[in-house]
Amino acid sequence: SRATPGRTHDLTAARAHGIVQACLTRQILVLADRAYQGAGATFRSPYYHHREQPEHYQQFNRDHARLRAPGERAFARLKSWRIMRRARSSTRRISRTVQAIHTLMTCDYSG
Numbered sequence: 003s004r005a006t007p008g009r010t011h012d013l014t015a016a017r018a019h020g021i022v023q024a025c026l027t028r029q030i031l032v033l034a035d036r037a038y039q040g041a042g043a044t045f046r047s048p049y050y051h052h053r054e055q056p057e058h059y060q061q062f063n064r065d066h067a068r069l070r071a072p073g074e075r076a077f078a079r080l081k082s083w084r085i086m087r088r089a090r091s092s093t094r095r096i097s098r099t100v101q102a103i104h105t106l107m108t109c110d111y112s113g
């Protein structure tokens, strides 16, 4: 899908591109951050606002963070690249470039 302006809220962009509806329709489990709270039944975000969380909440949050970490690291690295900060191409081309780089960075290369 085409890129949206950086000021667009994550959930707004996901809804505009039909991602939320597609995941709900196909019952795809999505490990999301706080921005997606209230998106629907298949979107799971960490437990917040609990002073003394039960052990199962803490374990869920640890597992959630562990599974999301590779994608988060890839996006952080992508944002640090100067060429991406000063991109001068169309949103369609930039979207394809970002998708390709993100896929390559999150691939698990095993011997």
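The numbering used here runs 2 ahead of the 1-based position in the sequence shown. Each residue gets a CB set at the ideal place from its N, CA and C atoms; glycine is no exception.
Item	Value
For Arg-64 and Gly-73, what's the separation of their Cα atoms in angstroms?	15 Å
The alpha helix (DSSP H) spanning Gln-39 covers which residue range?	From DSSP, Gln-39 is part of no alpha helix (DSSP H); its letter is neither H nor E.
The alpha helix (DSSP H) spanning Tyr-50 covers which residue range?	Segment: none, Tyr-50 is in no alpha helix (DSSP H) and carries neither H nor E.
Return the Cβ separation of Leu-13 and Ala-43 in integer angstroms, given the expectation that the two are a contact with Cβ distance under 8 Å.	In fact, because the Cβ distance is near 15 Å, the residues do not count as touching under 8 Å.
Any idea what DSSP makes of Leu-31, helix, strand or coil?	coil
Between which two residues does the alpha helix (DSSP H) holding Ser-82 run?	57-82
Can you give the Cα-Cα distance for Arg-79 and Val-100, rounded to whole angstroms?	11 Å
Could you please give the first and the last residue of the uninterrupted alpha helix (DSSP H) stretch that includes Ala-15?	12-18
Quick one: grab the DSSP three-state call for Cys-109.	coil
Run the CB neighbour count on Cys-109, radius 10 Å, all protein chains shown included, and call it buried at 16 or more, exposed below.	exposed
Going by alpha carbons, who is nearest to Arg-28 out of Ala-34, Asp-35, Gly-20?	Gly-20
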